[in-house]
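S.K.: Per the working numbering, the sequence shown starts with residue 5, numbered consecutively.
One structure, pasted below without further comment.
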Amino acid sequence: MDTPSITFAEATPQDSKHVQSAAKIWAQAAAQRDHKPLPFDGSQALAGVERRWALPGARLVVASKDGVPAGFTLCSPQDGYLEIYYVAVAPDFWGQGVARELLAEVDHFAQKAGFHDLRLWAIADNSRAINLYRANGYRPTGEELTDEASGRVEILLSKAIL
């Protein structure tokens with residue numbers, strides 16, 4: 005599934021390096037998305053990544069571009085579907101196809117693992133992310149929720165895997 009300049013590494017439960025990379029990428033991407041100063045590290049995002057990483061069957065994949073961690077996905081099986089909790093790309097790599105490749109990698113995994121449905125929540129006013137997901141076959145389900153921590157409205161998107 006690797007492309008010439010993007011490689012994928014699936015984290016193991018003992019792999020703190022990939023978890024730290026994921027937290028830093030998430031912290032930077034969220035700050036950039038929200039027009040806030042970029043954090044030095046991912047300490048403020050680490051608890052959230054670790055919480056999802058601890059779920060049964062969780063899968064964390066870090067994409068690197070030319071050896072530098074560029075993005076990641078974190079997903080886990082739910083009741084008959086695969087839920088994606090994070091799709092994040094470091095701001096320095098935005099617009100370089102990393103997110104598209106990460107989503108393709110999740111599709112490939114889901115097919116091999118026998119999942120027929122992928123789901124993810126996206127912040128309703130994050131048009132950049134929603135456009136990416138729609139371009140990759142995800143469709144809004146009509147379900148919404150308000151995140152308790154942020155107060156932001158999120159929408160559920162899903163994709164059928166054949």
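Even for Gly, the Cβ is constructed at its ideal location relative to N, Cα and C.
(1) To the nearest angstrom, how far is it from the Cα of LEU106 to the Cα of THR77?
(2) On the three-state DSSP scale, how would you describe ALA74?
(3) For ARG143, report the span of its beta strand (DSSP E) as first-last.
(4) Checking the sheet assignment: what are the DSSP bridge partners for LYS163?
(5) Please report the residue range of the alpha helix (DSSP H) in which LYS116 lies.
(6) List the residues that DSSP assigns as beta-bridge partners of PHE175.
(7) How about ARG56 and ASN130: are their beta carbons less than 8 Å apart?
(8) Check each candidate in LYS69, LEU122 and ALA62 and name the one with the smallest Cα separation from PHE97.
(9) Provide the residue span of the alpha helix (DSSP H) that contains THR50, from first to last.
(10) Using a Cβ-Cβ cut-off of 8 Å (strictly less than) and excluding sequence neighbours within five positions of THR150, which residues of its own chain qualify?
(11) Report the CB separation of ALA92 from LEU136 in whole angstroms; it is logged as a contact under 8 Å.
M.R.: By the coordinates alone:
(1) In the sequence shown, counting from the first residue as 1, residue 106 sits at position 102. In the sequence shown, counting from the first residue as 1, residue 77 sits at position 73. Whole-angstrom Cα-Cα distance: 7 Å.
(2) Counting from 1 along the sequence shown, the entry for residue 74 is found at position 70. Three-state DSSP puts ALA74 in a strand.
(3) Counting from one through the sequence shown, the residue named residue 143 turns up at place 139. Per DSSP, ARG143 belongs to the beta strand (DSSP E) from 143-150.
(4) Counted from its first residue, the sequence shown places residue 163 at position 159. Bridge pairing for LYS163: LEU122 [DSSP].
(5) The residue you call residue 116 lines up with position 112 of the sequence shown. Run containing LYS116: 102-117, per the alpha helix (DSSP H) assignment.
(6) Any answer about residue 175 is impossible in this case: the structure gives the chain only from 5 up to 166.
(7) Locating residue 56 in the sequence shown gives position 52, where the first residue counts as 1. Locating residue 130 in the sequence shown gives position 126, where the first residue counts as 1. Against a cut-off of 8 Å, the Cβ pair of ASN130 and ARG56 comes out as no contact.
(8) As a first step, residue 97 is located in the sequence shown; it is residue number 93 there, counting from the start. Comparing Cα positions, the closest option is LYS69.
(9) Numbered from its first residue, the sequence shown carries residue 50 at position 46. In the sequence as presented, Thr is not what sits at residue 50; that position holds Leu. Looking at the DSSP string, the run of the alpha helix (DSSP H) that includes LEU50 is 47-57.
(10) Residue 150 sits at position 146 when you count from the first residue of the sequence shown. Closer than 8 Å at the Cβ level, and outside the excluded window around THR150, lie ARG156, VAL157 and GLU158.
(11) Within the sequence shown, residue 92 is the residue found at index 88, counting from 1. Within the sequence shown, residue 136 is the residue found at index 132, counting from 1. Actually they are not in contact, since the Cβ atoms of ALA92 and LEU136 sit about 11 Å apart, beyond 8 Å.
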